[in-house]
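According to the numbering used here, the sequence shown holds residues 1 to 267 in order. Reviewing the structure listed below.
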Amino acid sequence: MKKYISFFRIRFQNGLQYRAAAYAGIVTQFVWGFMELLMFRAFYHADESAFPMGFSQLASYIWLQQAFLALFMAWFLENDIFSSITSGTIAYELARPMNLYNMWFVKNISSRLSKAVLRCMPILIVAAVLPKPYSLLLAQSPLSFFLFIFTLIIGFLVVVAFCMLVYIATFYTLSPLGVRIIALSLTEFFSGTVIPLPFLPTNVKRIVELTPFASMQNLPFRIYSGNIAGTEMISSILLQILWLIVLIGAGKLWMKRALTKIVVQGG
């Protein structure tokens with residue numbers, strides 16, 4: 001365990017050095033967040049009661065989405081992992097006394113966390129002091145806030161576990177581009193990045209909520225904004241935990257199988 005903690009610390013500290021990129025990202029995310037709010041506001045002006053989320057709930061959802069973008073953005077994948085697979089330098093990583101799946105998992109966690117740490121607080125603070133209904137509201141209760149933090153962590157791990165499947169799939173392809181495009185398209189839409197899942201047609205939403213994508217950013221942000229509660233929330237949390245176990249278990253088994261057939265430089 002100590003070697004993984006040390007590896008995490010090194011990667012995390014390395015990620016904190018890119019502060020100029022973080023500042024640029026903060027500005028970009030503020031602009032994007034305001035654009036989304038103004039766009040939705042135009043629709044809400046017609047009849048707010050016709051929408052499945054109140055505008056204040058939606059505003060909180062969008063600001064949380066921007067603040068924790070680094071944790072849940074599907075398009076953020078480690079290029080050096082893809083390069084190590086396609087170039088054959090993965091042989092050096094296999095020579096290390098570390099489990100390859102665990103090492104890549106820790107690498108993804110540390111990289112995403114370092115980016116989130118630099119970006120989240122300025123966005124949350126500014127969003128909290130904006131005038132209503134454009135501001136980030138406080139959680140409805142201490143319990144809601146606790147469940148938000150819990151599901152945020154689990155959802156983050158679900159994203160990393162899903163990304164691990166994308167890396168492993170590259171063992172079976174000549175180029176990771178196709179796998180990345182498919183994974184990005186599925187995750188961006190079905191996780192609620194493009195549009196919150198409550199806005200989808202009822203029948204479609206019921207199906208999507210059973211997938212691992214709904215266990216990513218969708219659940220914690222809806223819990224915080226108060227859009228989901230009661231038995232529906234509890235069942236969604238249990239499903240989120242189940243998907244984390246399934247994705248990690250499937251990833252470990254698939255990685256083990258892939259490594260038994262891997263051929264590096266003809267050796």
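The beta-carbon is built from N, C-alpha and C at its ideal position, and this holds for glycine as well.
Requested in this report: Classify Gln-17 as buried or exposed, calling it buried when 16 or more other Cβ atoms lie within 10 Å of its own Cβ.
Outcome: exposed
Report task. Quick one: give me the first and last residue of the alpha helix (DSSP H) that Trp-32 is part of. Result -> Unbroken alpha helix (DSSP H) run through Trp-32: 19-44.
Query raised in the report: In chain order, what residues of the same chain have a beta carbon less than 6 Å from the beta carbon of Gly-267, not counting five sequence neighbours either side?
Result: For Gly-267, the pLDDT reaches just 49, beneath the cut-off of 50, and the residue's location in the model is therefore unreliable, although a value from the coordinates is still provided. Residues of the same chain with a CB within less than 6 Å of the CB of Gly-267, apart from the 5 flanking positions on each side, do not exist.
Report task. Return the residue from the list Phe-162, Pro-201 and Phe-68 that minimises the CA-CA distance to Pro-77. Result -> Contrary to the premise, residue 77 reads as Leu rather than Pro in this sequence. When each option's Cα is compared against that of Leu-77, the closest is Phe-162.
Report task. Check Tyr-134 in the structure and name its three-state DSSP category. Result -> coil
Requested in this report: Please classify Ala-229: does DSSP put it in a helix, a strand, or coil?
Outcome: coil
Query raised in the report: What does a CB cutoff of less than 7 Å around Gln-66 pick up in its chain, not counting 5 residues either side in sequence?
Result: Gln-29, Trp-32, Gly-33 and Ile-123
Requested in this report: With DSSP collapsed to three states, give me the class of Glu-78.
Outcome: coil
Query raised in the report: Using the beta-carbon count (16 or more within 10 Å), is Ile-81 buried or exposed?
Result: buried
**Report entry** Three-way DSSP call (helix, strand, coil) for Ala-128 in this model
**Finding:** helix
Query raised in the report: What is the DSSP secondary structure of Ala-95, counted as helix, strand or coil?
Result: coil
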